[in-house]
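To start, the structure itself, in structure tokens.
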């Protein structure tokens, strides 16, 4: 079977000064996942490794670099799925975890599917994942954005700024098995406890024996329309990965006011991506390629 991986670093508006960095980060993450696949590793291991790399990169809204909530905390969501087993692991509203996707992997390997907040943190410690400090996740750039937003609110203004950064990966391994993973710090200045599509199976990510998808964008609309599952269903109906990605984003635009993007891979090793925003950082690698192709 052909192996393939594609990653994204979020759809939205990317600040000009970080466009190249966001593209480079996706390229590096796809190369890390590719090495796992090349060595005979599973698609699940590949997407975890790729997303961990993106979580460690402060340019993205996931792990280190996550957006702050309204109350100044960092609450992160992540989810992953293995297609041929339909095993799912996800966490939501979790604090002080450096790599949320690896905690989601631990949930996937447990009897649970979704753990939230305090319980997810307790589970992490039981599984040997140490808690980090807020300072390990907080970047000066995001801290300044948060302070400026609160100053603007006190003056009766609304500051939005850059909207970009949720990360994800999908892959197919040499056994023909598919997997998907998504991780995020949520929307900028979000209401405490708000959860978007990223940890919700079928919404922000999905994988079965037909296709895998990872999404990014206005999470509430991805939830309402089950965009990740729709993309897989489009492949089941006869589309390839690229056609399915475009069709899913078309549904998003036709049925809701939100915008965003997604990446896909199908059981034949085809990859696809589509977005309705100004930009979406991404990179992919396929059999026969010497290095990843990246764009934003």
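Residue numbers (my numbering): 1 to 296. Cβ coordinates follow ideal geometry from the N, Cα and C atoms, glycine included.
I'd like the span of the beta strand (DSSP E) that includes residue 183, first residue to last. Translated into positions along the chain shown, residue 183 becomes position 183. Start and end: 178-184.
What's the gap between the Cα of residue 280 and the Cα of residue 253? For the purposes of this step, residue 280 is taken as residue 280 along the chain shown, with counting starting at 1. For the purposes of this step, residue 253 is taken as residue 253 along the chain shown, with counting starting at 1. Between residue 280 and residue 253, the C-alpha separation is close to 16 Å.
Here's a check: name, in chain order, each residue in its chain whose Cβ is nearer than 7 Å to the Cβ of residue 255, leaving out the five neighbours to either side. As a working mapping, residue 255 is identified with position 255 in the chain shown. For residue 255, where only same-chain residues beyond five positions count, the Cβ hits under 7 Å are 225.
Can you give me the start and stop residues for the beta strand (DSSP E) that residue 215 sits inside? The count along the chain shown starts at 1 and reaches residue 215 at position 215. Per DSSP, residue 215 belongs to the beta strand (DSSP E) from 211-217.
Skipping 5 residues on each side, what residues in its chain have a beta carbon closer than 8 Å to that of residue 25? Counting from one through the chain shown, the residue named residue 25 turns up at place 25. The residues are 9, 53, 54, 57, 59, 60 and 281.
Express the C-alpha separation of residue 272 and residue 284 in angstroms, rounding to a whole number. Indexing the chain shown from 1 puts residue 284 at position 284. Indexing the chain shown from 1 puts residue 272 at position 272. Each residue's Cα considered, the two are about 9 Å apart.
Given a threshold of 16 other Cβ atoms within 10 Å of its Cβ, counted over all protein chains shown, does residue 212 qualify as buried or as exposed? Looking up residue 212 in the chain shown gives position 212. Buried, by the Cβ-count rule.
With a threshold of 7 Å between beta-carbons, can residue 180 be considered close to chain D, or not? Of the protein chains in the structure, only one exists, and it is not chain D.
Do you know whose CA, among 243, 2 and 16, lies nearest residue 278's CA? In the chain shown, the residue the question calls residue 278 occupies position 278. The shortest Cα separation from residue 278 among 243, 2 and 16 belongs to 16.
Cα-Cα separation between residue 178 and residue 294, rounded to whole angstroms: Within the chain shown, residue 178 is the residue found at index 178, counting from 1. Within the chain shown, residue 294 is the residue found at index 294, counting from 1. The alpha-carbon atoms of residue 178 and residue 294 are separated by roughly 21 Å.
Can you check DSSP and say which residues form a bridge with residue 263? For the purposes of this step, residue 263 is identified with residue 263 of the chain shown, where counting begins at 1. DSSP, once it has assigned bridges, lists 214 and 273 as partnering residue 263.
Tell me the DSSP secondary structure of residue 286 in three-state form. In the chain shown, residue 286 corresponds to position 286, counting from 1. Here residue 286 sits in strand by DSSP.
Nearest neighbour of residue 260, chosen from 233, 236 and 221 [CA to CA]: What you label residue 260 is simply residue 260 of the chain shown in a count that begins at 1. Taking only the C-alpha atoms, the option nearest residue 260 is 221.
Taking C-alpha atoms, which residue in 83, 77 and 132 lies nearest to residue 204? As a working note, residue 204 is residue 204 in the chain shown. Measuring from the Cα of residue 204, the nearest candidate turns out to be 77.
Figure out for me which residue from 37, 63, 164 and 248 has the closest Cα to the Cα of residue 187. Position 187 of the chain shown, counting from 1, holds the residue named residue 187. Nearest of 37, 63, 164 and 248 to residue 187, Cα basis: 164.
So, residue 68 versus residue 87, is the Cβ gap smaller than 7 Å? By one-based count along the chain shown, residue 68 stands at place 68. By one-based count along the chain shown, residue 87 stands at place 87. No, they are not a contact pair.
Among residues of its own chain, excluding the 5 on either side of residue 45, which ones have a beta-carbon nearer than 7 Å to its beta-carbon? Here residue 45 corresponds to residue number 45 of the chain shown, with the count starting at 1. Within the same chain, residue 45 has close Cβ partners 36.
Of the residues 217, 96, 142 and 40, which one's Cα is nearest the Cα of residue 75? Residue mapping note: residue 75 aligns to position 75 of the chain shown, counting from 1. When each option's Cα is compared against that of residue 75, the closest is 96.
Note down the Cα distance separating residue 1 from residue 40, rounded to an integer number of angstroms. For the purposes of this step, residue 1 is taken as residue 1 along the chain shown, with counting starting at 1. For the purposes of this step, residue 40 is taken as residue 40 along the chain shown, with counting starting at 1. Using only the alpha carbons, I get a separation of about 11 Å.
Measure from the alpha carbon of residue 174 to the alpha carbon of each residue in 7, 268, 134 and 19, then state which is nearest. As a working mapping, residue 174 is identified with position 174 in the chain shown. It is 268.
Note down, in chain order, each residue of its chain lying with its Cβ closer than 8 Å to the Cβ of residue 191, except the 5 sequence neighbours on either side. Within the chain shown, the letter at position 191 stands for residue 191. Closer than 8 Å at the Cβ level, and outside the excluded window around residue 191, lie 69 and 70.
Can you have a look at residue 80 and say buried or exposed, based on whether 16 or more other CB atoms are within 10 angstroms of its CB? Translated into the one-based positions of the chain shown, residue 80 becomes position 80. Buried is the call here.
Contact under 7 Å by Cβ, residue 171 with residue 5: Looking up residue 171 in the chain shown gives position 171. Looking up residue 5 in the chain shown gives position 5. Taking 7 Å as the Cβ cut-off, residue 171 and residue 5 qualify as a contacting pair.
May I have the straight-line CA-CA distance separating residue 101 from residue 65, to the nearest angstrom? As a working note, residue 101 is residue 101 in the chain shown. As a working note, residue 65 is residue 65 in the chain shown. About 15 Å.
Does the ligand ATP have a heavy atom nearer than 6 Å to the CB of residue 271? As presented, the structure is devoid of all ligands, the ligand ATP included, so that no description of it is given.
Return the residue from the list 126, 127, 142 and 233 that minimises the CA-CA distance to residue 207. Residue numbering aside, residue 207 sits at position 207 when the chain shown is read from its first letter. The candidate whose alpha carbon is nearest that of residue 207 is 233.
Closest Cα partner of residue 84 within the set 135, 231 and 176: Counting from 1 along the chain shown, the entry for residue 84 is found at position 84. Answer by Cα proximity: 176.
Can you list, in chain order, the residues of its chain with a C-beta nearer than 7 Å to that of residue 247? Leave out the 5 residues immediately preceding and following it. Taking the first residue of the chain shown as 1, we reach residue 247 at position 247. Here the set comprises 234 and 239.
Spatial distance of residue 124 from residue 199 (CA atoms): Sequence index remark: in the chain shown, residue 124 carries index 124 (1-based). Sequence index remark: in the chain shown, residue 199 carries index 199 (1-based). Their backbone Cα atoms lie some 16 Å apart in a straight line.
Contacts around residue 251, its chain only, beta-carbon distance under 8 Å, and the 5 residues preceding and following it disregarded: Residue mapping note: residue 251 aligns to position 251 of the chain shown, counting from 1. These residues qualify, in order along the chain: 225, 227 and 230.
Kindly indicate the opening and closing residues of the beta strand (DSSP E) around residue 9. Within the chain shown, residue 9 is the residue found at index 9, counting from 1. First-last of the beta strand (DSSP E) with residue 9: 4-12.
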